[in-house]
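For reference, the structure discussed in these notes is given below.
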Amino acid sequence: MCSVTSKMFEYDPPTKEYATDPKIISRNVKCLVCQATILEMEKEIKKVDPRKKVEVSGFRMDSDGFSEMKSVQYSKSETYLTELMDTICKKMEDYAKARHKTSRKLLILKMVTDEGTMNPLMSAVDFVQDGDLNKSLEHFCLEVLEDHEEAILTEFMKDVPEKNIDHIKHKKESRKRDRSPDVAVKSSSRFEREREKDRRERQDRHKKHKSDKSRKHDSRHGSSRTGRAANRDDYHSDSSDVVEIIDPPPAPIISSKPPPAPSISSKPPPAPIISRKSRSISPIPDGGAGDVLSIAETNKLRAKLGLKPLETNSDTTAQEPKKDADGLKMHKDEWGEFLHKPADNLADKLQAEKLREKFRQKKEKRQIDNKLKTIKGLGESDDFDDINAWIEHSREKEKLKAEALKRAKMLEEMDEELASNEVSRPSVRKGNRNNYTEKNLRGLKVGHNMESFGEGKTVILTLKDHDVLAEDEDELVNVNMIDDERYKKNTEVKKKNPNQYGYDVYEEQYDEFGEQIHRNILGKYDEEIDGIKPNSFSIGETLEDERAQKRRLLEIKAKLAGKKLESLDEPSLKLASDVYTDDELAKFKKPKKKVKKLRRKLKAEDLLPLSGSAESSSKDYGKRLRLHNDHVDTDDVVDTDFKDIKIEEEDNELEKILSKTRRLKQKESLITKSLTSVEASQDVKMEVDSDDDNGEIASKDNICLNETAEFCRTLGDIPTYGMSGNRDEDAGDMMDFEQEHFEPDEPVEEKRSTGGTWNSVNPDLEAIVEDKSNEMIEVAILDEEPDVGSGMGAALKLALSKGYLEREETNRPSNTRMAHLQAKNYSIEDKAYGEDEKFQRRDRYHSGPISEFKEKESYRPNVKLEYIDDSGRLLNEKEAFRYLSHKFHGKGPGKNKIEKRLKKNEQDGLMMKMSSTDTPLGTLTMLQHKQKETHSPYIVLSGSKQAQSTSITKHK
Amino acid sequence: MIEITCNDRLGKKVRVKCNPEDTIGDLKKLIAAQTGTKYDKIVLKKWYTIFKDQIRLCDYEIHDGMNLELYYQ
Numbered sequence: 001m002c003s004v005t006s007k008m009f010e011y012d013p014p015t016k017e018y019a020t021d022p023k024i025i026s027r028n029v030k031c032l033v034c035q036a037t038i039l040e041m042e043k044e045i046k047k048v049d050p051r052k053k054v055e056v057s058g059f060r061m062d063s064d065g066f067s068e069m070k071s072v073q074y075s076k077s078e079t080y081l082t083e084l085m086d087t088i089c090k091k092m093e094d095y096a097k098a099r100h101k102t103s104r105k106l107l108i109l110k111m112v113t114d115e116g117t118m119n120p121l122m123s124a125v126d127f128v129q130d131g132d133l134n135k136s137l138e139h140f141c142l143e144v145l146e147d148h149e150e151a152i153l154t155e156f157m158k159d160v161p162e163k164n165i166d167h168i169k170h171k172k173e174s175r176k177r178d179r180s181p182d183v184a185v186k187s188s189s190r191f192e193r194e195r196e197k198d199r200r201e202r203q204d205r206h207k208k209h210k211s212d213k214s215r216k217h218d219s220r221h222g223s224s225r226t227g228r229a230a231n232r233d234d235y236h237s238d239s240s241d242v243v244e245i246i247d248p249p250p251a252p253i254i255s256s257k258p259p260p261a262p263s264i265s266s267k268p269p270p271a272p273i274i275s276r277k278s279r280s281i282s283p284i285p286d287g288g289a290g291d292v293l294s295i296a297e298t299n300k301l302r303a304k305l306g307l308k309p310l311e312t313n314s315d316t317t318a319q320e321p322k323k324d325a326d327g328l329k330m331h332k333d334e335w336g337e338f339l340h341k342p343a344d345n346l347a348d349k350l351q352a353e354k355l356r357e358k359f360r361q362k363k364e365k366r367q368i369d370n371k372l373k374t375i376k377g378l379g380e381s382d383d384f385d386d387i388n389a390w391i392e393h394s395r396e397k398e399k400l401k402a403e404a405l406k407r408a409k410m411l412e413e414m415d416e417e418l419a420s421n422e423v424s425r426p427s428v429r430k431g432n433r434n435n436y437t438e439k440n441l442r443g444l445k446v447g448h449n450m451e452s453f454g455e456g457k458t459v460i461l462t463l464k465d466h467d468v469l470a471e472d473e474d475e476l477v478n479v480n481m482i483d484d485e486r487y488k489k490n491t492e493v494k495k496k497n498p499n500q501y502g503y504d505v506y507e508e509q510y511d512e513f514g515e516q517i518h519r520n521i522l523g524k525y526d527e528e529i530d531g532i533k534p535n536s537f538s539i540g541e542t543l544e545d546e547r548a549q550k551r552r553l554l555e556i557k558a559k560l561a562g563k564k565l566e567s568l569d570e571p572s573l574k575l576a577s578d579v580y581t582d583d584e585l586a587k588f589k590k591p592k593k594k595v596k597k598l599r600r601k602l603k604a605e606d607l608l609p610l611s612g613s614a615e616s617s618s619k620d621y622g623k624r625l626r627l628h629n630d631h632v633d634t635d636d637v638v639d640t641d642f643k644d645i646k647i648e649e650e651d652n653e654l655e656k657i658l659s660k661t662r663r664l665k666q667k668e669s670l671i672t673k674s675l676t677s678v679e680a681s682q683d684v685k686m687e688v689d690s691d692d693d694n695g696e697i698a699s700k701d702n703i704c705l706n707e708t709a710e711f712c713r714t715l716g717d718i719p720t721y722g723m724s725g726n727r728d729e730d731a732g733d734m735m736d737f738e739q740e741h742f743e744p745d746e747p748v749e750e751k752r753s754t755g756g757t758w759n760s761v762n763p764d765l766e767a768i769v770e771d772k773s774n775e776m777i778e779v780a781i782l783d784e785e786p787d788v789g790s791g792m793g794a795a796l797k798l799a800l801s802k803g804y805l806e807r808e809e810t811n812r813p814s815n816t817r818m819a820h821l822q823a824k825n826y827s828i829e830d831k832a833y834g835e836d837e838k839f840q841r842r843d844r845y846h847s848g849p850i851s852e853f854k855e856k857e858s859y860r861p862n863v864k865l866e867y868i869d870d871s872g873r874l875l876n877e878k879e880a881f882r883y884l885s886h887k888f889h890g891k892g893p894g895k896n897k898i899e900k901r902l903k904k905n906e907q908d909g910l911m912m913k914m915s916s917t918d919t920p921l922g923t924l925t926m927l928q929h930k931q932k933e934t935h936s937p938y939i940v941l942s943g944s945k946q947a948q949s950t951s952i953t954k955h956k
Numbered sequence: 001m002i003e004i005t006c007n008d009r010l011g012k013k014v015r016v017k018c019n020p021e022d023t024i025g026d027l028k029k030l031i032a033a034q035t036g037t038k039y040d041k042i043v044l045k046k047w048y049t050i051f052k053d054q055i056r057l058c059d060y061e062i063h064d065g066m067n068l069e070l071y072y073q
């Protein structure tokens with residue numbers, strides 16, 4: 001008989017033997033655990049507030065379309081119970097197996113009471129040593145619950161479960177009893193008694209509850225409230241009962257049974273409260289201010305508003321989640337139904353994996369074993385223990401070996417025989433590669449032009465690579481020849497002018513025999529449109545024929561060479577003469593010779609000996625030059641027939657040079673400061689002019705004297721001259737030229753060396769010089785501009801010096817000007833041949849000086865950077881840098897510097913504005929006034945300074 | 001069916017049962033029936049969101065037991 005106490009479950013062994021038997025039968029332990037579990041569950045259920053209720057819909061609709069809602073105690077709801085059953089086995093951790101000290105009865109004891117104190121019964125028992133720390137109790141609990149889950153659930157959920165719980169227990173026990181005859185049950189009569197007692201009590205409670213329910217409810221809330229109050233009463237009464245149970249009288253005698261009634265009465269009254277249709281599902285709001293309509297009222301209202309009735313089945317919180325066919329839990333809320341797929345059980349997975357692994361290993365092992373079975377190990381002995389057997393075996397082996405050898409030899413011999421046969425009859429066996437002959441090659445294509453194979457040369461051909469899937473014929477090629485061809489083609493392509501499209505009339509139209517080549521219009525695109533013409537031939541009989549045909553063709557062509565279809569009345573052939581006829585000469589055009597050549601001839605060294613030789617022939621330089629040129633020409637030009645033309649040309653060149661010298665002289669005349677130098681230049685000029693026309697000299701060099709010039713001559717050099725800075729021309733240039741060309745000219749040299757004064761005069765030229773001197777003076781003083789008449793150049797010069805025109809020197813040599821110096825067709829592309837494509841692409845526009853913008857080949861910008869300061873003045877390089885620098889550093893020049901610069905600028909400006917015909921102080925006008933006044937060509941400078949000054953100031 | 005509490009903080013607090021598929025307009029009509037104000041004078045808010053009439057409660061994710069602020073215009 002199992003006795004139920006809260007603390008201890010004891011088991012009465014049926015016999016004394018068992019009591020003393022230290023062995024514990026697990027079935028007995030299980031029975032004890034089962035009792036303890038049920039008790040624990042009851043205790044837990046009792047702890048739940050019986051007022052707590054959940055609504056369970058009955059899924060039945062009445063005539064109005066309302067389903068009945070069933071209000072069930074939470075403690076009896078399935079959800080709670082299942083939850084409880086999941087956790088209840090944890091309680092078993094507190095239990096331990098023990099034996100009563102005196103009776104040696106097996107029992108399980110809860111070591112700690114619910115209040116947290118030690119169980120007072122502990123002293124009365126001996127704990128049983130357990131290897132796994134009484135884990136087995138929990139396992140038993142789990143087992144029990146699993147096996148009888150449905151039964152337990154239904155029993156606990158029953159409205160009047162009190163009786164039946166015991167009943168289950170009883171049933172279980174009896175079943176166990178049946179199975180285990182050694183477990184004795186004390187008596188069922190006692191149990192029956194207890195059950196009767198329970199029934200009575202429960203009936204009483206039922207009556208009470210019924211009377212509660214039958215009471216008239218005036219308000220909905222009131223009713224629920226009263227119901228709850230009643231429940232609370234029940235609960236209180238229950239709890240008092242529980243207290244009794246939890247604190248059992250510490251029974252010194254273990255066999256003493258506590259009255260079972262309280263445990264049974266601990267069940268709350270199960271009467272289900274079936275809610276009426278009109279009842280609100282919502283409890284009264286705490287604030288009490290809520291204005292709540294019932295579902296029915298709401299539905300009525302909704303009907304009036306034209307809305308569909310409320311979906312009342314959505315309250316699923318208390319309902320057991322539905323399970324669908326797959327056993328997945330169905331969850332439904334107001335959004336719809338959801339299937340919750342359970343998470344994968346990792347442990348299961350792991351186990352499966354382990355099993356699989358094990359199987360795999362086994363299998364492998366089996367395989368290996370099988371394999372090893374056939375092989376004999378080193379240590380394993382052979383079958384033949386007998387020495388005779390062994391000998392026999394080895395002999396056999398040897399025999400076999402010898403036989404194999406013999407056979408191999410025979411085969412070899414046969415092979416040889418066959419091979420020798422084939423040598424004599426090559427066509428017998430075609431499979432032999434030794435006999436791969438010309439015949440096999442017949443019809444094979446060779447991917448090269450026939451001409452590319454020289455006669456008698458050996459060229460190794462290989463099969464050309466082609467697509468495996470393509471069904472082309474095999475083709476023989478030589479890799480090197482392919483490369484050569486490609487290179488040739490590339491060069492051809494490169495030769496073509498990329499800018500020229502269309503039909504080129506002037507393209508070479510004749511082949512080597514002078515015959516016209518027939519060309520298609522836009523023939524150059526033939527390759528692109530029709531594809532590259534296969535340049536190949538096939539090995540075979542046609543080879544020779546083709547060759548022969550070609551040869552024949554060539555012969556015909558050669559015969560026809562030079563023959564043209566022309567009219568018969570062509571002029572008869574003449575003997576070719578070594579020299580050109582006059583008409584031919586007229587037609588003949590010789591490419592122009594470059595000037596450079598002549599220039600070289602005019603070097604001083606060249607002139608020197610000649611001047612010596614031609615000394616006798618007067619000072620006529622032109623003549624001399626011409627002579628010299630003639631001389632040179634005879635050296636240079638072989639064809640004497642063209643002498644005249646040549647001379648003409650040379651004369652042109654000569655004239656060029658002369659004009660150049662003239663120009664230089666003009667320049668010189670403007671620049672040279674001293675009278676003598678001017679004179680000398682004049683001299684040179686005269687001489688140069690004499691080259692053209694000697695007779696003109698006199699008329700050309702007429703000198704006009706005027707008063708001013710005469711006057712100024714007496715004044716000598718004007719001290720201010722040259723100070724203004726605009727008169728210093730580059731005399732060096734001049735000097736160079738002079739040195740080059742006129743070194744032999746001694747008189748000039750002399751005159752130049754005496755520059756500065758004009759007193760010393762070459763006696764040869766004295767007359768002329770005297771004549772000219774007056775003009776020279778004029779030039780010296782008013783020098784800049786009077787020469788305007790001499791040519792455009794002079795005028796421009798003047799304009800420049802006066803600032804009317806800007807100097808060109810700011811124009812730096814630009815790209816355009818130097819264009820002719822740049823290489824036109826230079827490229828190092830060939831060097832980069834075969835280099836990385838990517839690299840080339842990247843460097844298309846960045847590969848240094850050789851590359852140009854392909855798109856803007858003709859674009860040569862003339863870039864001029866001009867800087868202008870704040871006042872609008874153009875800055876030169878240095879100034880511009882200074883300006884930028886100041887700007888950059890944010891620090892201007894000092895005050896003094898600024899003043900200095902301003903002053904300089906001002907002076908420059910003044911200089912620009914200065915009159916060209918007068919001194920800066922206007923002395924000339926003053927002078928002229930004075931002279932006009934006095935009617936004399938002179939003024940008297942002698943006398944007191946003051947008088948002079950007054951006289952001048954007067955005229956002011 | 002869900003239940004929504006609407007509270008203007010001036011003394012009116014109603015609990016309305018409705019379907020999640022109802023629109024805010026329907027809810028307003030129900031509230032109007034329960035409180036006695038005209039439905040077109042009612043403004044429902046949650047924080048700063050004014051609920052619009054033609055949108056369903058479930059689209060606003062109004063769940064069971066939620067509190068809405070009741071205003072009048």
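Quick note, the sequences are listed as chains A and B, same order. The opening position of the first sequence corresponds to residue 1 in UniProt numbering, with each subsequent residue numbered one higher. The opening position of the second sequence corresponds to residue 1 in UniProt numbering, with each subsequent residue numbered one higher. No residue lacks a Cβ here, since even glycine has one placed at the ideal position from N, Cα and C. Bear in mind the structure is a predicted one, so any value in this text is a computation, not a measurement.
Report back the beta-carbon spacing between residue i and residue j to the nearest angstrom; my notes put them in contact at under 8 Å.
i	j	result
V292(A)	R15(B)	4 Å
D472(A)	L444(A)	So it is not a contact: roughly 12 Å between Cβ atoms.
V112(A)	D94(A)	6 Å
I'd like to check one pair, residue j with residue i: are the Cβ atoms closer than 9 Å?
i	j	result
Y71(B)	I24(B)	no
M1(B)	T312(A)	yes
T37(A)	V125(A)	no
residue 958(A)	L121(A)	Limits of chain A in this structure are 1 at one end and 956 at the other, which puts residue 958(A) out of reach.
L921(A)	I939(A)	no
Report all residues from its chain with a CB closer than 6 Å to the CB of residue i; omit the five preceding and five following residues, and keep chain order.
i	result
K12(B)	T35
M92(A)	L137, E138, C141
D639(A)	Caution is warranted here: a pLDDT of 45 is assigned to D639(A), below 50, making its placement in the model unreliable, and no coordinate value can be reported.
Leaving out five residues before and five after residue i in sequence, what residues of the same chain have Cβ atoms less than 8 Å from its Cβ?
i	result
D26(B)	C18
K29(B)	Y39
Determine, using beta carbons only, whether residue i comes closer than 9 Å to chain B.
i	result
V29(A)	no
residue 958(A)	Chain A is shown from 1 up to 956; residue 958(A) falls before or after that span and cannot be answered.
E44(A)	no
E55(A)	no
K323(A)	Interpretation of K323(A) is limited by its pLDDT of 47, a score under 50 that renders its predicted location unreliable; the figure taken from the coordinates is listed afterwards. Taking Cβ atoms only, chain B never reaches closer than 9 Å to K323(A), which makes this a no.
L305(A)	yes
Would you give the residue range spanned by the beta strand (DSSP E) that residue i belongs to?
i	result
Y71(B)	67-72
D126(A)	125-127
C18(B)	12-18
A96(A)	95-100
Answer yes or no: does any C-beta atom of chain A fall closer than 9 Å to that of residue i?
i	result
Q54(B)	no
N19(B)	yes
D8(B)	no
Who are the near neighbours of residue i in its chain, counting only those whose CB is closer than 7 Å to its CB and skipping five residues on each side?
i	result
S75(A)	I45, V48, P50, P268
Going by DSSP, what residue range makes up the alpha helix (DSSP H) through residue i?
i	result
G793(A)	792-802
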